[in-house]
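The numbering of the sequence shown is the numbering used here, which starts it at 37 and goes up by one. Ideal Cβ placement from N, Cα and C applies to all residues, glycine included. I have placed the structure first, in the form of C-alpha cells, so that the comments after it can refer back to it.
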Amino acid sequence: MELREVMGRRRSIRFLLPHKPVELDKIQRMLEAARIASHWGNVNSLRAVVIERDKAPKDLFEILSNTVGGYQTQLAPVIIVWYIETAATDRVGTRLRELVGVGAIGYGPNKTTAMEQTIIPNMERAGVVLKMPGMGEIDCGQGIAQATLMAFEQGLGTCCLGAFDLDRIRRTLGLPETCRVLLSQTVGYPAEDPRAGGQRPRLPFETLFQLNGYDKPFPRNPQVVEELERDGMLQEPAPLPWREAELEYLRRALDLKGEGLVPSDQR
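Below is the structure:
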C-alpha cells in the first residue's frame with residue numbers, strides 16, 4: 037500500500053465490529069512492524085500483551101474500560117496493551133556491540149575500541165537516567181506507530197487509549213515493577229466508514245512548526261497543501277454532511293446504551 041493510501045485512511049477508528057474476530061496472523065504482522073522499529077541503543081524496550089476479548093477475564097476488560105476507553109474497549113475483539121520494559125536498558129552494552137558487529141554503527145579499523153572506550157561506558161553509566169520517562173517512550177511510540185500503519189494496511193481499525201491507573205493495569209497483567217504501561221490499543225474490523233467523518237480539527241500549521249528559530253513559523257506552501265489534498269492525503273475537514281446519521285446508525289446497530297463516551301452501565 038502506498039503512503040498516500042495509508043495516510044489518507046489513517047484515522048482513529050472508534051467503532052469496531054464486535055462479532056468479527058481478528059486473525060492472529062494480522063496481529064503478528066503489527067507486532068513484527070513494532071519489533072523492527074528504530075530504538076536507541078538497540079535495546080528494544082517496547083513490549084506488548086495481546087488480549088483477546090472472548091478469552092480474557094471479565095475483570096480485566098473492566099479495568100481497561102473506563103471513562104477514557106468507554107464503549108471502545110467493549111466493542112474491540114482485541115486489545116493490545118503496550119508497555120516499556122525499562123530493564124532492557126541493562127543490556128545496552130551487549131546490544132550496541134551487536135550493532136558494531138553488523139556494521140550498523142561506527143567506522144574505521146578502530147571502531148570497536150572506540151565504542152568500548154567511549155559510547156558503551158557512557159551509556160552504562162547513564163542507565164538510571166535512561167530508564168526514566170523520556171527517550172524510551174519516544175522510541176516506543178515509533179514502534180506503536182508502525183504497528184498502527186500495519187493494522188490499517190490489513191484493513192483493520194485501531195484507536196490508542198490512555199487510562200487513569202496504568203499501574204493497576206500493570207499489576208493485573210502480572211508485569212514486573214520494571215515495566216510501565218504506555219497505552220492500550222483497540223484492534224478490530226471497522227464498523228464505520230474509514231473516513232470517520234472527515235479530517236479532525238487540528239491546530240494551525242504555523243503555530244506548530246518553526247524554521248531556524250522559535251519565533252519563525254515554518255512557511256506553509258499552499259501548493260503542497262493542494263497536492264496533498266489532490267492525492268487524498270489530506271481529507272475534507274470534519275464533519276462530513278452524513279456523519280451524524282452514521283453515528284446514529286452505529287449507536288443502534290451496535291446497541292450502545294447511554295450517550296457520549298461511556299455506556300450507561302459504566303456511569
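### F254 vs L247 beta-carbon contact at 7 Å
yes
### Query
What whole-angstrom Cβ distance do A183 and A92 have, given they're in contact under 8 Å?
Their Cβ separation, rounded to whole angstroms, is 20 Å, which puts A183 and A92 out of contact at 8 Å.
### Task
Taking 8 Å as the threshold, find out whether the segment 219-236 comes into contact with the segment 187-206 through three or more Cβ pairs.
yes
### Query
Looking at the structure shown, is V223 part of a helix, part of a strand, or coil, going by DSSP?
strand
### Query
Counting only runs that start and end within the segment 243-268, where is the alpha helix (DSSP H) found for 4 or more residues in a row?
258-266
### Task
Determine the direct distance from the alpha carbon of G177 to that of R204, and round the result to whole angstroms.
21 Å
### Message
Buried or exposed, going by whether 16 or more other CB atoms sit within 10 Å of the CB of W118?
### Response
buried
### For W76, three-class secondary structure by DSSP
helix
### Query
Helix, strand or coil for R89 per DSSP?
helix
### Query
Among E284, Y225, T214, E282, which one has its Cα closest to the Cα of I115?
Y225
### Message
Please identify the residue among R83, R71, P113, R256 whose C-alpha is closest to the C-alpha of R206.
### Response
R83
### Query
Alpha carbon to alpha carbon, how far is D90 from P54?
10 Å
### Query
Any chance the segment 230-240 sits against the segment 267-281, with 3 or more Cβ pairs inside 8 Å?
yes
### Task
Please go through the same chain and pick out, in chain order, the residues whose beta-carbon is closer than 7 Å to the beta-carbon of K167, but skip the five residues on each side of it.
T122, T125
### Query
For L211, which three-state DSSP category applies?
coil
### Task
Figure out for me which residue from G144, Y107, I155, G179 has the closest Cα to the Cα of T130.
I155
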